[in-house]
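Quick note on numbering: the sequence shown equals residues -29 to -1, 1 to 275 in mature numbering (1 follows the signal peptide of the UniProt record, and there is no 0).
Ideal placement from N, C-alpha and C gives every residue a C-beta, glycine not left out.
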Amino acid sequence: METKPRAHLLPALLAAVVVFGGSTRPCESSLYNAPPPAMTYHKGAVLEGAVTVSVLYYGAFPQHHRAVVADFLLWWGTVERYVRKATGGGEAGARVVLASQVDDEGCSLGKRLSRAQVERLASRLGVAPGGVAVVLTAADVVVEGFCSSACGVHGSSAPGGAVHVWVGDASAQCPGRCAWPFHAADGFAYDDAGRRAAHSHARADAALRAPNGDAGVDGMVINLAALMAGAVTNPYGRGYFQGDAAAPVEVAAACPGVYGRGAYPGYPGAVRVDAATGAGYNVVGRNGRRYLVPALAIHGACST
């Protein structure tokens, strides 16, 4: 599953492609009133209980960025409830156990990676079935399809095996596509083939200030949140999604670009604003950190 680039007119937060395919559609807003599709459970495995997560930082990551990511993952007690609401689950759910954080600052496979190489990096983490291997690539690392077709991806090498998630830092490559709304959008919408398409009703909305002070890492958190939600609820392609199994709409894909009430393409919605910094956010996590996380399709509505 992939997070597809967010654009000025159609800021698509998450699209499941690669392993199982995917698409996005507009959610409730002042311009689009069609409700998101209800999630259907397809009787396949989901990740439950203690989900072991290991993270590989590929390239140079400041310590502050690592702390932001680690605090977000350790905050899964709240995110788990957030995901459970979307699936209509009971008391059981998933909680993250952050097992390890590994550095590959020297970029052992180079700074241009194929998707297969990303999966190889994920396998180095040795995550057991039922866990998630997260690969985060630095701003100067180019990954196949990054920006042109995806901001990140989740999948698995085999049904029932470990799940992998990859997210790239878009701050130097495509911040207007994969770090929106913390960077001004690039003014184009993108179709499923990554082709740019201008629209006559484009409007240039001001970017939000990033809650943790950096559009790169805060943009990564948005995509990581969406992909972790998909990895937990649809790890092997037969979990919670809507539509064709070859192109599923997952829990965070049904409400692209929605972060607050009144969102519409190019506008993230009415989010909370830090009075001291002016940063936009919609949740408060571990250690008081503030994040902007994507809306999920919950009972026919977009909810954060």
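Touch test, the segment 12 to 32 against the segment 206 to 218, Cβ-Cβ under 8 Å, three pairs minimum:
Three or more beta-carbon pairs drawn from the segment 12 to 32 and the segment 206 to 218 are found closer than 8 Å, and the two stretches are therefore classed as touching.
Counting only the same chain and skipping the five closest in sequence on each side, list residues whose C-beta sits under 6 Å from that of A241.
Taking A241 as the centre and dropping the five residues before and after it, the same chain places the C-beta of G231, R232 and G233 closer than 6 Å to its C-beta, in chain order.
Is there contact here, the segment 215 to 227 with the segment 127 to 138, by at least three beta-carbon pairs under 8 Å?
no
Among all the DSSP beta bridges, which residues are the ones paired with G97?
DSSP, once it has assigned bridges, lists no residue as partnering G97.
So, with DSSP's three-state summary, where would you put A149?
Here residue 149 turns out to be Cys, not Ala, going by the sequence shown. Here C149 sits in helix by DSSP.
Determine, using beta carbons only, whether G101 comes closer than 8 Å to chain C.
In the displayed structure, chain C is absent; only one protein chain is listed.
Go ahead and pull the three-state DSSP assignment for D42.
helix
Is the separation between the beta-carbon of A141 and that of C118 shorter than 8 Å?
yes
Y262 to A16 span [Cα, whole Å]:
29 Å
Exposure label - V26; buried when at least 16 CB within 10 Å
Taking all protein chains shown into account, V26 has 16 or more neighbouring C-beta atoms within 10 Å of its C-beta and is therefore buried.
Assigned exposure category for E51 - 16 Cβ within 10 Å defines buried:
With 16 or more Cβ atoms within 10 Å of its Cβ, E51 is classed as buried.
Presumed contact (8 Å Cβ cut-off) between R180 and G249, rounded CB distance:
5 Å
Is the separation between the beta-carbon of D111 and that of R257 shorter than 8 Å?
no
On the DSSP bridge assignment, give the partners of A241 in chain order.
Assignment of beta-bridge partners to A241 by DSSP yields R232.
Output needed for S71: all residues of its chain with C-beta closer than 6 Å, excluding positions within five of it in sequence on either side, in chain order.
S25
Which residue's Cα is closest to the Cα of V89: S79, C226, W137 and V188?
W137
Would you identify the three-state DSSP class for T248, choosing helix, strand or coil?
coil
Starting from A65, follow the beta strand (DSSP E) in both directions and report where the run begins and ends.
A65 to D75
Express the C-alpha separation of D74 and H35 in angstroms, rounding to a whole number.
14 Å
Outcome for P236 when other beta-carbon atoms lying within 10 angstroms are tallied against a minimum of 16:
P236 counts as buried, since no fewer than 16 other beta carbons sit within 10 angstroms of its beta carbon.
Expressed to the nearest angstrom, what Euclidean distance is found between the alpha-carbon atoms of A268 and R55?
A268 and R55 have their C-alpha atoms spaced approximately 11 Å apart.
Take the Cβ of D245 as the centre, count every other Cβ of all protein chains shown within 10 Å, and call the residue buried at 16 or more, exposed below.
exposed
Quick check on DSSP: helix, strand or coil for L(-20)?
Unreliable placement is indicated for L(-20), whose pLDDT of 30 sits below 50; the coordinate value is still reported in the next sentence. Here L(-20) sits in coil by DSSP.
Considering only the alpha carbon of each residue, which of L92, G101 and S79 lies closest to A21?
The shortest CA-to-CA distance from A21 to any of L92, G101 and S79 is the one to G101.
Mind checking which residues open and close the beta strand (DSSP E) that includes A272?
A272 to S274
Looking only at C-alpha atoms, which of L44, N205 and N183 sits nearest to E(-28)?
N205
Whole-angstrom distance between V40 and residue 276, CA atom to CA atom:
Outside the displayed span of the chain (-29 to 275) sits residue 276, for which this structure offers no information.
Coil, strand or helix - G132 by DSSP:
coil
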